[in-house]
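First to last, the sequence lines map onto chains A and B. Take any residue in the first sequence, note its place counting from 1, add 10, and you have its number in this note's numbering. Take any residue in the second sequence, note its place counting from 1, add 381, and you have its number in this note's numbering.
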Amino acid sequence: DARVTQTPRHKVTEMGQEVTMRCQPILGHNTVFWYRQTMMQGLELLAYFRNRAPLDDSGMPKDRFSAEMPDATLATLKIQPSEPRDSAVYFCASGPDRGQDQPQHFGDGTRLSIL
Amino acid sequence: GNSVTQMEGPVTLSEEAFLTINCTYTATGYPSLFWYVQYPGEGLQLLLKATKADDKGSNKGFEATYRKETTSFHLEKGSVQVSDSAVYFCALSDRWNQGGKLIFGQGTELSVKP
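So this is what it looks like as structure tokens:
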């Protein structure tokens with residue numbers, strides 16, 4: 011089965027450091043989503059792309075977060091500088107964008123801990 | 382705006398018990414509805430979906446019926462197993478949202494005891 015691949019699976023770093031999370035969407039999928047999951051807030055949509063163009067990043071703190079798709083096989087989410095409150099699991103998902111009934115496929119997430 | 386509300390967890394059941402997890406939604410237009418499941422340490426996986434009123438989605442013994450009159454999409458299973466222990470998310474996708482953006486409920490944790 012085709013899968014969304016996220017790296018790294020785990021990341022522990024000190025506050026103030028730059029963090030880069032990567033996602034390889036399923037081949038042929040042209041929508042990509044970034045989510046953050048915490049106990050307190052649940053699942054939050056941070057940003058999403060269609061055909062590599064950002065459609066909505068209103069859920070993302072603009073001053074420290076940035077999301078890009080350098081090419082169709084790679085999406086990145088960067089935090090600079092990182093803060094302890096950024097500790098969470100970050101999920102990437104991709105979808106075929108052939109209509110509203112097409113499900114998203116999720117990666118296994120990056121578990122981020124900022125000390 | 383669009384929203385999804387799920388019953389709060391955790392839900393604790395004995396093996397072979399009947400399961401219902403309630404989900405109601407608010408949406409403009411005609412949304413598609415989904416249930417996703419998240420096992421510990423993993424991402425979300427699609428469990429089932431329904432795309433129009435009165436559709437019934439089913440998979441792995443789970444079922445949910447799209448009820449437009451009550452704006453609900455409750456998840457049911459007749460006999461749960463320990464392996465069903467996970468967090469379950471109800472979600473909707475509205476045709477007016479670009480790119481198939483999903484609106485998720487807060488999730489309901491299910492724990493099944495032997």
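Virtual Cβ for every residue (Gly too), placed ideally from N, Cα, C. Just so it is clear, the structure is predicted and the values come from calculations on it, not from any experiment.
For B/Ala434 and B/Thr451, the gap between their C-alpha atoms comes out near 11 Å. Pairing B/Gly424 with A/Gly52 gives a Cβ-Cβ distance that is not under 7 Å. Between A/Ile36 and A/Ser97, the gap from beta carbon to beta carbon reaches 7 Å or more.
Looking at the DSSP output, A/Asn40 bridges to nothing. As the crow flies, the alpha-carbon of B/Gln426 is around 32 Å from that of A/Glu24.
From the listed residues B/Thr489, B/Glu396, B/Leu429, B/Ser464, the smallest Cα separation to A/His115 is found for B/Leu429.
With fewer than 16 other Cβ atoms inside 10 Å of its own Cβ, B/Tyr420 counts as exposed.
In the structure shown, B/Val461 falls within a coil segment according to DSSP collapsed to helix, strand and coil. Contact with chain A is absent for B/Glu490, since none of that chain's Cβ atoms lies less than 7 Å from the residue's Cβ. Cβ contact annotation for B/Val418 (same chain, cutoff 6 Å, sequence separation greater than five): Gln426, Leu428, Ala467, Tyr469, in chain order. For B/Lys494, the enclosing beta strand (DSSP E) starts and ends at 489 to 494.
Sorting B/Phe443, B/Gln487, B/Asp475 by C-alpha distance to the C-alpha of B/Gln387 places B/Gln487 at the top.
Fewer than three beta-carbon pairs drawn from the segment 435 to 448 of chain B and the segment 46 to 65 of chain A are found closer than 8 Å, and the two stretches are therefore not classed as touching. For B/Phe485, the closest Cβ of chain A is nearer than 7 Å.
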